[in-house]
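Enquirer: Following this message is one structure expressed as structure tokens.
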Amino acid sequence: MTSTNNSNFNIRSILEKEKLNGTNFLDWHRNLRIVLRLERKEFVLDTPIPIAPEQNSTAAQRAAEKNARNASIDVTCLMLASMEPGLQKQFENMEALDIIKQLKDMFQEQARIERFETSKAILDARLEKGKPVGPHVLKMMGLFETSERLGFAYKSELATDIILHSLHDGFDHFKLGFYMNGMEKSLTELHGMLKVAESSMKAEPKRESRREVLMVQKGKGFKKGLDKGKGKDISNVAKPKAGSKGLSKSQKISLAESQCFYCNVKGHYRRDCPKFLEDVKNGTVANIPGTKKK
1 MTSTNNSNFN
11 IRSILEKEKL
21 NGTNFLDWHR
31 NLRIVLRLER
41 KEFVLDTPIP
51 IAPEQNSTAA
61 QRAAEKNARN
71 ASIDVTCLML
81 ASMEPGLQKQ
91 FENMEALDII
101 KQLKDMFQEQ
111 ARIERFETSK
121 AILDARLEKG
131 KPVGPHVLKM
141 MGLFETSERL
151 GFAYKSELAT
161 DIILHSLHDG
171 FDHFKLGFYM
181 NGMEKSLTEL
191 HGMLKVAESS
201 MKAEPKRESR
211 REVLMVQKGK
221 GFKKGLDKGK
231 GKDISNVAKP
241 KAGSKGLSKS
251 QKISLAESQC
261 FYCNVKGHYR
271 RDCPKFLEDV
281 KNGTVANIPG
291 TKKK
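Counting along the sequence shown from 1, when you hit position 42 you're at 42 in UniProt numbering, and nothing is skipped either side.
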């Protein structure tokens, strides 16, 4: 019996640490129910005291009424003791069930507004490029906990979807892999995975930069050759004419070694052959296209 009383006294201390002050009703209400559940008196906040009939009441009915009234007195005193003085004065002449109903009327609207603001912050959250992902995810986890405290708990799967949706497009490959592999992770595990993915993303631009440097170095001579002719108009550059004039060195060497098919002499082609041109002029041979008569 002594051990039970000590346990009840220890858990009641959570109400003493954070007394009801008008701004913390949801936390205070949750802690109150935890204490009363341990003491088997939580029913006082939900059920009216059973009134035994004045006539023909049984001993069990009278005992049930007495026990309920005693429990209500205990709970009422506990509630008043865990309030700020201003609220104590307001409720000191009321019973536990009536007190909790009036407190809900007073603070439930405030809780709903806070829940709306929390939900809005969750759905509007976006990670900007260049910002670290770790603090962003931790902030969203805190918002989910606040929403649960306000009476609206997000399931883990939905919370995961919302967090992934809030990330910028740099995490698109991570999101694709996450869903394709059917992963089911806690928010804490997701936080760790995203930090690893972020580290890989930071390393990737460095590898790309080194690759670009190597490509530039390998193509340096080619690029320089292109730049050398930059700004010059090549449309008016003279093209080599037929014959030996305007020929390159390699072409001249090839011409010197060539043999005319008409006179069998090296050093020219048939179209430039003096004997061939003379015979064409005299009419002894037929002319060929592209050959001028001298």
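Ideal placement from N, C-alpha and C gives every residue a C-beta, glycine not left out.
Grab me the residues of C273's own chain with a C-beta within less than 8 Å of its C-beta, minus the 5 sequence neighbours each way, in chain order.
Expert: Only C260, Y262, C263, V265 meet the Cβ criterion.
Enquirer: Counting along the chain, where does the alpha helix (DSSP H) carrying E117 start and finish?
Expert: Looking at the DSSP string, the run of the alpha helix (DSSP H) that includes E117 is 96–124.
Enquirer: Quick check: the region 94–103 against the region 50–66, are there 3 or more CB pairs under 8 Å?
Expert: Segments in contact, no.
Enquirer: Going by beta-carbon coordinates alone, are V137 and H173 separated by less than 8 Å?
Expert: No, the Cβ-Cβ distance between V137 and H173 is not below 8 Å.
Enquirer: I'd like to check one pair, A125 with S186: are the Cβ atoms closer than 8 Å?
Expert: No.
Enquirer: Assess contact between the region 30–40 and the region 111–120, defined as three or more Cβ pairs (one per stretch) separated by less than 8 Å. Is contact present?
Expert: They do not touch, by the three-pair rule.
Enquirer: Within 10 angstroms of the Cβ of Y154, are there 16 or more other Cβ atoms? Answer buried if so, exposed if not.
Expert: Per the 10 Å Cβ criterion, buried.
Enquirer: Confirm the yes/no value for this check: CB of L80, any heavy atom of the ligand ADP, distance under 7 Å.
Expert: The model on display carries no ligand, and the ligand ADP is accordingly not part of it.
Enquirer: For a test of the three-state rule: what should DSSP assign to L150, helix, strand or coil?
Expert: Coil, per DSSP.
Enquirer: Look at L36 and V75 and say whether their C-beta atoms are less than 8 Å apart.
Expert: Yes; because the gap between Cβ atoms is below 8 Å, this pair is in contact.
Enquirer: Work out the CA separation of D105 and P48 for me, nearest whole Å.
Expert: If I take the Cα positions, the gap works out to 18 Å.
Enquirer: Just curious, the alpha helix (DSSP H) that K66 is in, first and last residue?
Expert: Here the alpha helix (DSSP H) through K66 covers 59–81.
Enquirer: Starting from A159, follow the alpha helix (DSSP H) in both directions and report where the run begins and ends.
Expert: Start and end: 156–165.
Enquirer: In this structure, how does DSSP classify Q90 when only helix, strand and coil are distinguished?
Expert: Residue state, collapsed to three classes: helix.
Enquirer: Kindly list the residues whose CB is nearer than 6 Å to the CB of G134, restricted to its own chain and excluding five residues on each side of it in sequence; keep chain order.
Expert: Around G134: K195.
Enquirer: Can you check whether the CB of N21 is closer than 8 Å to the CB of L84?
Expert: The sequence shown places Glu at residue 84, not Leu. Cβ atoms of E84 and N21: closer than 8 Å.
Enquirer: Does the separation of the CB atoms of A81 and F25 fall below 8 Å?
Expert: Cβ distance not < 8 Å, so A81 and F25 don't count as in contact.
Enquirer: Buried or exposed for S147, please, with buried defined as at least 16 other CB atoms from any protein chain shown within 10 angstroms of its CB.
Expert: So S147 counts as buried.
Enquirer: Given A159, which residues of its chain have a CB within under 7 Å of its CB, disregarding the five upstream and five downstream residues?
Expert: Around A159: F144, L187.
Enquirer: With distances taken Cα to Cα, identify the nearest neighbour of N70 among R40, E18, H168, A121.
Expert: Measuring from the Cα of N70, the nearest candidate turns out to be R40.
Enquirer: Based on the DSSP secondary-structure assignment, which residues constitute the bridge partners of Q259?
Expert: In the DSSP output, where bridge partners are listed per residue, Q259 has K266.
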